[in-house]
Amino acid sequence: MNITNMLVQYLKNPLGIETKNPLLSYTLESEDQNQFQTAYCILVSSTKELLHKNIGDLWNSGKVSHENNYAIAYGGALLSSRQELFWKVKVWDKNDLESEWSDIASWEMGLLEQNDWKAHWIGQGDTADCNKSAAPQVARDFQVSDVKNVVKARAYVSGLGLFQASMNGVQLDDTFFNPGESDYSKTVYYVTYDITQQLKSDTNAFGILIGNGQYVNFRVNPTMMLDETTEAPEHRYQKNDSKYVRQGLYGEKKVIAQIEVIYEDGSVEIVAATDDAWQLTDSPITFNNWYGGEDYDARAELRGWNEPLADRTGWQQAVIMEQPLGSLKAREFIPVRIIEKLSAASVTRLENGNLLVDMGINVAGFPEIMLPGMTEADRGTVIEMYPAEILNDEKTSVDQSSCTQSWSQKYHCSIKNSYTVKGDGDERWHPSFCYQGFRYVEVSGFMWDATVDQFYCCILRVANEKTGMFETSNPVLNQIDEITNRAIESNMFFSFTDCPQIEKIGWLETTHLMFRSMSAGYDIRSWIPKIVQDMIDAQTNETDNVNGDTEELGYMPAIAPEYFRIDGLNRDPNWGGACILTPWEYYQIYGDCSILQKAYQTMNKYIMYLETQTQNGLLAGYAQMGDWGQLHENTPVTLVENCAYYYLLSTMAKIAALTGHFGDVMNFAAKAEKVKEQFHLHAECYQPESRIYGNGSQASYGCVLFSGIILEENNEIAVNRLVEAVQIRDYHLSSGEVGLKQVFASLGKYGKNDIVYKMVMNDTQPSYKFFVDNHLTTLPEYWNYEELWMGMVRSRNHAMMGHVKEWLTSNVLGIRMAEPGYRKIIIEPTLTQTVEKVKGCVLSQYGLISAEYCRNGEEIGLEVKIPVGVAADIGLPIVGSGELTTNCSEYRIQRRGQTYWIQSVGSGNYTFTLK
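End of the sequence shown = 915 in our numbering, gap-free, step of one.
Right under this line is the structure:
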């Protein structure tokens, strides 16, 4: 067997690892059918030379009998800061045949102790009187006298809110919004850079731009209204509807950097560290706000400011500042990058003289402008760019109301990027410290002839690899998948945000409700643990209470990091319960139990907190969101919140067993049974005479079926009534984001995929097909997106209703998990009479699982690829005489109704034909 794709903490050869027993993973490939690993041996060494000699001086696992090729915790010598490690692995197959050793992979530890940091946090000062909307830049020259004996060099950098680092005049990488958002009162991430190749003899220079991000925004808050009656003057948009802000989440901008070289003898020298000897000045960024945009005056550029021996006359000395409350931790997740750059679809001159730039699709990112041949005559020209998702009714201007959580005529706020021309040849610019959600850009001040090649759309997100694929013979289904993917990608930042314009914050419910939709398309193995850490940090503890948090111990907010605590929208078990259900979904999809261990105490504290919110064993009046986003429906909140409560308790019983907390198993199970008992005695939840759940809505039945709270004898009737609830609405959707996931999952589980198809493909609103027919390129926030919500226009780029992605993958394509981690799978395309062709793939810990189905009259063909270590049961409808031909050598056949089940199919590439 061949060994590929070796990962540490699900990253490739990472630098700056924080975890002291990191997880090692790899993928196996074999041309043989029905192969699987029976054992592995991992060697970890301090040098490549030792590894070439098969010496694992740090860890030799020996031959370990185990089928897992993933999440193998390093079990060797205690690791220290800066330590570089090299590793390789070999495996034994089903016949106990030994493979060749893999190629060598590596990882490097970060600064593991706080006292490893000799640098100070620096900036303009904690009480500086300055333009806090601007982005300063700091720089320092440093000497390296013996470059020839330097083995490697590292820069460890963090900045609050954001930073952009450069060395010797060159930006260190192509990432954005470093170091990544977090609950700064608990955790502040830093980034490790390999600067070995940039190092020069004698004098070097290090430069850092410092942006605001979320951390600084409240210090420069352009309030939407001065009070309930007084309107604010014209200003840049800033979300600011928080009733409480935790101490340490916000502060003054600052940066820390430590630059080290390691010599051949292993000695470490800190050649530069931020202190008050660093110099600081204004940058060309005169305004930057995470929500309101960015202004850049190219005339203020200081050429060579971050190069060695630059003239920094007139610069100020940096000020040593108070360190943030949170501890510095190495970043172990993938950063944000420009994923794609598209030229504008069209550029039109409006009657008011402005340009209307149409990018063709709604995205998350920023516009980029190209200005060829600028001269002194152009110098000082200010070009303003107003991004928006929609146009006004007359199509004469952009309408930013879906981006600003406001009525523009009342709040006078806008989102704007501006560029002041330098007048020095070809000029090109995009923002550095903000992004927006937009399709259109209205441009003022552009006096020259304009072409599409002068305006670009830079699409940004956390660069999680796109691993899934879905395509059918039905172009509408393909477009539904496409706009859902785009909505997911548009919100894939340091949290799974709700939208890329109005809020840009991590509402937690989607992290579990949309988990399988996300994992169907993307490798999120390093991203989700970061989000779970945000939840762990966000939970209210004793220190938070001392610092003024009025919520009880164990409280889990609806948003994490909790940059905003929005009154009336901060308590709900489907939101707070993400601290349990998101790690659980991670385990289900990836089979990695370590995340359950890490979050267990947080989960347990949250359950204890929820118990304090109950009456007679049920949550009563606690949840504030319920089935958020439902349309023309009013599913009882009591039903929704207690279905969630039951599901959390029953899931905790399983997690306790998996993590070895055996004393908790019966406790959680008993509490779940009490909730079920009381649930069926509550009039809003169940009517025993008619056996109706809730108010008989789609979500009422979806929630009870999905959660398992339903009485077993009511199962069949509940499924039938769910179908009836859909049919009563003429196959229209009525559920919100909680119910929708559970309605689709329940209908799919009980073989009612034809019903889901009719809902998805309904010609009239609300449906996904309606979105496609009306030329939407992302999913909107609500089904009735053209109507006002509480008087406001809402986002056109939300992922919260994207559960159709999970259904397309699990039921139309038919690839779904039968055991955690996809160790056992089912491949069963379910709409074989409706969709003639479907193909796609899903990433598992074992590799890509793919299927391609085709129906041609009375003949059905299915091609599948099953990775090493996976076993599949394959279901195909019986057609014709039912004659099966295949190149699969080992399988069992069982007929159930009108389906052939081809069982126990091991790894390999197979073709199955029925006719």
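Cβ coordinates follow ideal geometry from the N, Cα and C atoms, glycine included.
Go through its chain and collect everything with a Cβ distance to residue i's Cβ below 8 Å, but skip five positions before and after it.
| i | result |
| --- | --- |
| Leu78 | Lys20 |
| Glu67 | Phe36, Gln37, Thr38, Arg823 and Gly869 |
| Glu228 | Per-residue confidence for Glu228 stands at a pLDDT of 49, beneath the threshold of 50, marking its modelled position as unreliable; no derived number is given. |
| Ile208 | Gln137, Val138, Ala139, Val157, Gly159, Phe163, Gln164, Ala165, Ser166, Val255 and Ala257 |
| Pro22 | Val8, Gln9, Ala73, Tyr74 and Trp107 |
| Thr886 | Ile902, Tyr910, Thr911, Phe912 and Thr913 |
| Leu848 | Thr467, Cys841, Val842, Lys865 and Pro867 |
| Pro688 | His680 |
Return the Cβ separation of residue i and residue j in integer angstroms, given the expectation that the two are a contact with Cβ distance under 8 Å.
| i | j | result |
| --- | --- | --- |
| Glu828 | Thr913 | Glu828 to Thr913, Cβ: 16 Å. No contact. |
| Thr187 | Asp537 | 5 Å |
| Ala644 | Gly577 | 6 Å |
| Lys805 | Thr484 | 5 Å |
| Gly694 | Leu639 | 4 Å |
| Asn34 | Gly882 | At roughly 24 Å, the Cβ-Cβ gap does not stay under 8 Å, so Asn34 and Gly882 are not in contact. |
| Glu489 | Gly423 | Glu489 to Gly423, Cβ: 37 Å. No contact. |
| Leu280 | Pro561 | Contact flag wrong, Cβ pair sits at about 27 Å. |
| Gly554 | Val842 | Not a contact, Cβ separation roughly 36 Å. |
Hey, residue i and residue j: beta-carbon distance below 8 Å or not?
| i | j | result |
| --- | --- | --- |
| Arg816 | Val870 | no |
| Leu11 | Glu332 | yes |
| Thr612 | Glu542 | no |
| Ala277 | Tyr156 | no |
| Ala718 | Leu705 | yes |
| Ile361 | Arg439 | yes |
| Gly365 | Cys458 | yes |
| Asn464 | Asp523 | yes |
| Pro573 | Leu596 | no |
| Gly16 | Cys41 | no |
| Asn545 | Gln247 | no |
Using three-state DSSP, classify residue i as helix, strand or coil.
| i | result |
| --- | --- |
| Thr899 | strand |
| His732 | coil |
| Gly437 | strand |
| Asn289 | strand |
| Val868 | coil |
| Pro308 | coil |
| Ser928 | The chain is shown only over 1 to 915; residue 928 falls outside these bounds and no answer can be derived. |
| Met761 | coil |
| Ser81 | coil |
| Tyr215 | helix |
| Ala623 | coil |
| Asp141 | strand |
| Lys824 | strand |
| Met535 | helix |
| Trp527 | helix |
| Val245 | coil |
| Leu226 | Residue placement at Leu226 cannot be trusted, given a pLDDT of 45 that sits under 50; what the coordinates show is reported in the next sentence. Correct three-state label for Leu226: coil. |
If you draw a straight line from the C-alpha of residue i to the C-alpha of residue j, how long is it?
| i | j | result |
| --- | --- | --- |
| His680 | Ile580 | 24 Å |
| Asn634 | Lys88 | 57 Å |
| Leu28 | Phe494 | 31 Å |
| Val170 | Ala310 | 14 Å |
| Gly292 | Tyr386 | 10 Å |
| Arg516 | Val793 | 29 Å |
| Ser734 | Pro500 | 25 Å |
| Tyr189 | Pro179 | 6 Å |
| Ala344 | Lys758 | 36 Å |
| Tyr891 | Ile825 | 14 Å |
| Phe744 | Leu884 | 32 Å |
| Asp358 | Ile390 | 10 Å |
| Val147 | Val268 | 13 Å |
What does a CB cutoff of less than 6 Å around residue i pick up in its chain, not counting 5 residues either side in sequence?
| i | result |
| --- | --- |
| Ser444 | Asn354 and Glu384 |
| Trp584 | Thr651 |
| Ser408 | Residue placement at Ser408 is flagged as unreliable, the pLDDT there being 48, under the threshold of 50; the coordinate-derived value follows with that caveat. Within the same chain, Ser408 has close Cβ partners Ser401. |
| Val191 | Val157, Asn178, Pro179 and Arg331 |
| Thr404 | Tyr237 and Cys413 |
| Ala669 | Ala653 |
I'd like to know whether the C-beta of residue i is nearer than 8 Å to at least one C-beta of chain B.
| i | result |
| --- | --- |
| Leu97 | No chain B appears in this structure, which consists of one protein chain only. |
In chain order, what residues of the same chain lie with their CB nearer than 7 Å to the CB of residue i, ignoring the 5 residues before and after it?
| i | result |
| --- | --- |
| Met801 | Gly629, Glu737, Leu740 and Leu779 |
| Asn221 | Note that Asn221 scores a pLDDT of 49, beneath 50, so its modelled location is shaky and nothing firm can be said. |
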